[in-house]
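2 protein chains.
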Amino acid sequence: MARQVTGAARRVTEAAEVLRDEKFNARRIELAEAALETLGDLGFARTSLREIAQNSAFTHGVFHYYFSDKLDLICCCVRHYKAKCVTRYDEVVATATSRDELTEGFLAKLAATLQNEARMHRLWYDLRAQAMFETAFRKDVLEIDKSLEAMIWRIASRYAELGGKRPVSSPAALYALFDGLFQSALLRHLADDKTAIPELLDEVRRLLPTVC
Amino acid sequence: MARQVTGAARRVTEAAEVLRDEKFNARRIELAEAALETLGDLGFARTSLREIAQNSAFTHGVFHYYFSDKLDLICCCVRHYKAKCVTRYDEVVATATSRDELTEGFLAKLAATLQNEARMHRLWYDLRAQAMFETAFRKDVLEIDKSLEAMIWRIASRYAELGGKRPVSSPAALYALFDGLFQSALLRHLADDKTAIPELLDEVRRLLPTVC
DNA sequence: CCAGAAACTTGACACTTGTCAAGAACGAAT
DNA sequence: ATTCGTTCTTGACAAGTGTCAAGTTTCTGG
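Going line by line, the protein sequences match chains A and B.
Heads up: the first sequence begins at 1 in the working numbering, then just goes up one per residue.
Heads up: the second sequence begins at 1001 in the working numbering, then just goes up one per residue.
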């Protein structure tokens, strides 16, 4: 019986531990989300923990309580950010029943992303560049890159399938192409170039049938 | 005669002024080159004027003497850096007499660049990302981007010409494609991925005949 | 209700940063 | 040789940085 009790007691403590862990992790994500706001505004180079704290409901000490250091925080931000991005086009891919439908759905989301989430995306490009200098970022960044490549590949495959074809180039080349176009359009958009978005859409509209 | 003297005198002072300006500019470039060393090592975020000075033969004060502020210095670096890059493949384009020759020349230079100038290129990607946050960089970065696009276009046009064809996509799309591939290969190369360079070469070798 | 743990705040630390002023070294014209 | 403008060095300043320890509040199990 003593054994049962200790067993039950251990289960309870373990459950409590799990709960605490979850709460801890949920808080980390809250903090990461708050940090992303400032990071999107200022970029990695100009963002300090105090600035993050000031633009949020938290004090700068909390960040040190939940993260071992600044890099740990940023890494958590990057990882969290990933989850949001990768599924962006999945619904379009799942519901589209024709090439045109897929094209228009994709383009609409593309334009909306560029318009409304420019800050987050410039942060992504910033962090990807930082990963070339900072070893600590590399693993996460490479992983996200792979996920994005897979995301593009899902779109292209579906598009090809709807036309009874197969994509003509590799996942890597396709991702490079779309990522490059998006990056360039983003920069131009941020530089107040009103033609950036329409020209990106034109380009993609023209490109899709030739690559898939 | 008095007029001639003052005219001559003015010519002399003007000549002296031009000389001084040239000397001043030459010094600025020296300093920019020294700064590029450290920037390539540490990236924009972690590079301070003092660090630049310590890794060079100069003291940190000189930089303030020749540049109005840090951004001015970095801008000068970016502009100077541009001149080097844009002509990298011109010789290959000019001398190649067949598609194969052009391909192999291009690939060789591509591999060498990735191998030997990784530091400078990661700096470029860093600065391009910074331009999304820092207005002061945008003009120069957009200009360099245009030059690089033109550079890729020269290669593609020549390649197409040698096959009696024309490139099938726009300059923008072609640049996006190659830039995206290069950027991804660079990150992998810096992460000690030995397959990065050969896989890039394979990809480009496969791609060239399909786009031109 | 209360003790002890968890969550958070505050303020201080050591250090780095960009900037700049004061002056030294240098060079050239008089 | 002296004077004057250019070039460069040095040291200082204020602001900002990541980090952390000490203390306060809040929560929670008994």
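Just so it is clear, CB atoms sit at the ideal spot from N, CA and C, and this is done for glycine as well.
Query, Result
"Inter-stretch contact at 8 Å, needing at least 3 Cβ pairs: the segment 1144-1155 of chain B / the segment 142-160 of chain A", "no"
"Cutoff 6 Å; reference R1158 of chain B; Cβ partners in own chain excluding five residues on either side", "V1093"
"Terminal residues of the alpha helix (DSSP H) in which V86 of chain A lies", "K70 to V86"
"Cα-Cα separation between F1063 of chain B and S1184 of chain B, rounded to whole angstroms", "34 Å"
"8 Å Cβ cutoff, A1191 of chain B in contact with chain A", "yes"
"Segment contact, 8 Å Cβ cut-off, at least three pairs: the segment 96-109 of chain A with the segment 164-178 of chain A", "no"
"Pair within 8 Å by beta-carbon distance, T38 of chain A and I52 of chain A", "yes"
"Beta-carbon spacing of V1211 of chain B, V1141 of chain B below 8 Å", "no"
"Cβ-Cβ distance between G43 of chain A and L123 of chain A below 8 Å", "yes"
"For D126 of chain A, the nearest candidate out of B:P1209, B:A1045 and B:R1020 (CA to CA)", "B:A1045"
"Within-8 Å CB hit, S1157 of chain B to chain A", "no"
"Run of the alpha helix (DSSP H) containing S1157 of chain B, from where it starts to where it stops", "T1135 to L1162"
"Check whether L190 of chain A and A118 of chain A have beta carbons under 8 Å apart", "yes"
"Where T47 of chain A falls: helix, strand or coil (DSSP)", "coil"
"Where the alpha helix (DSSP H) through P209 of chain A begins and ends", "A196 to V211"
"C-beta neighbour in chain A for L1114 of chain B, strict 8 Å", "no"
"Distance between R99 of chain A and L208 of chain A (C-alpha atoms, nearest Å)", "10 Å"
"Nearest-angstrom beta carbon gap, C85 of chain A and A35 of chain A [assumed within contact, 8 Å]", "Actually they are not in contact, since the Cβ atoms of A35 of chain A and C85 of chain A sit about 17 Å apart, beyond 8 Å."
"Exposure label - T59 of chain A; buried when at least 16 CB within 10 Å", "exposed"
"Three-state secondary structure assigned by DSSP to K1109 of chain B", "helix"
"Burial state of Y1065 of chain B (16 or more Cβ within 10 Å)", "exposed"
"Run of the alpha helix (DSSP H) containing R122 of chain A, from where it starts to where it stops", "A118 to Q130"
"Sequence-distant residues of the same chain with beta carbon closer than 6 Å to G277 of chain A, five excluded per side", "For chain A, the structure presents residues 1 to 212; residue 277 of chain A sits outside this window and is missing."
"Selected residue, minimal CA-CA separation from E91 of chain A, among A:E134, A:A83 and A:I155", "A:I155"
"Limits of the unbroken alpha helix (DSSP H) element including D90 of chain A", "D90 to T95"
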